[in-house]
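Residue numbers for the sequence shown follow my numbering, beginning at 13 and rising by one.
Scroll down for the structure; my scribbles are underneath it.
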Amino acid sequence: MSAPNDRKPEIPPQRKMLYNIGTALMVLGGLLGAVGFITFVSEGMSSVHSMTINSGAPGGFMMVVIGMLLLAGGSIVQRIAARGFAGSGLVLDPEKARKDLHPYTHMAGGMVKDAVEAFRDGQSKPQEVIKVRCPHCKALNDETDKFCGQCGKEL
13 MSAPNDRKPE
23 IPPQRKMLYN
33 IGTALMVLGG
43 LLGAVGFITF
53 VSEGMSSVHS
63 MTINSGAPGG
73 FMMVVIGMLL
83 LAGGSIVQRI
93 AARGFAGSGL
103 VLDPEKARKD
113 LHPYTHMAGG
123 MVKDAVEAFR
133 DGQSKPQEVI
143 KVRCPHCKAL
153 NDETDKFCGQ
163 CGKEL
């Protein structure tokens with residue numbers, strides 16, 4: 013029987029939706045930035061001079077700027093959705109922050125636990141090395157050696 017704290021924490025659907033909106037904003041910003049960059053490069057620097065407030069469609073340079081703003085905004089929305097309002101510091105309530113950050117810290121704690129276990133598994137006890145003493149000079153050599161490392165004579 014598992015304890016109540018061991019169950020998988022449920023992330024509210026609003027936070028999932030907000031996270032997906034942030035992802036969509038980042039994809040849209042990336043596409044707009046890429047298209048704007050290609051347009052800006054293909055048209056040359058003349059698109060910078062043609063930018064006016066009253067122009068209908070933004071030039072390539074403006075597309076890049078808008079794309080970068082969408083990328084930044086999407087990243088912020090994703091971060092807030094992943095950690096919650098209190099967990100990201102927008103609401104200063106320690107109890108709510110602990111509750112909001114529970115899935116996030118649960119995941120991070122699991123990764124740390126996996127890393128520690130992998131580190132411990134790598135530190136198993138060393139294998140025994142069998143040494144053979146040379147009959148001529150009494151130096152120790154590995155079991156697989158055919159000649160002594162000290163005097164060079166056959167073992």
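By construction, the Cβ of each residue, glycine as well, lies at the ideal position given by its N, Cα and C atoms.
A quick note: this is a predicted structure, and the numbers were derived from the prediction, not measured.
- Beta-carbon to beta-carbon, Leu44 and Ile78 are separated by about 6 Å, close enough to satisfy the 8 Å threshold.
- Listed in chain order, the non-local C-beta contacts of Phe97 below 6 Å within the same chain comprise Val103, local neighbours out to five positions each way being set aside.
- DSSP places Val128 within a helical segment (H, G or I) once states are collapsed to three.
- Within the DSSP bridge table, the entry for Asn153 names Val144 as partners.
- Nearest Cα to Ile23 within the set Asp154, Lys165, Arg145, Ile92: Ile92.
- Straight through space, the alpha carbons of Leu82 and Gly72 are spaced by roughly 15 Å.
- Cβ neighbours of Lys150 within its own chain (closer than 7 Å, five residues either side excluded): none.
- Taking the CA atoms as reference points, Ile50 sits about 23 Å from Thr35.
- Secondary structure at Glu107: helix, using DSSP grouped into helix, strand and coil.
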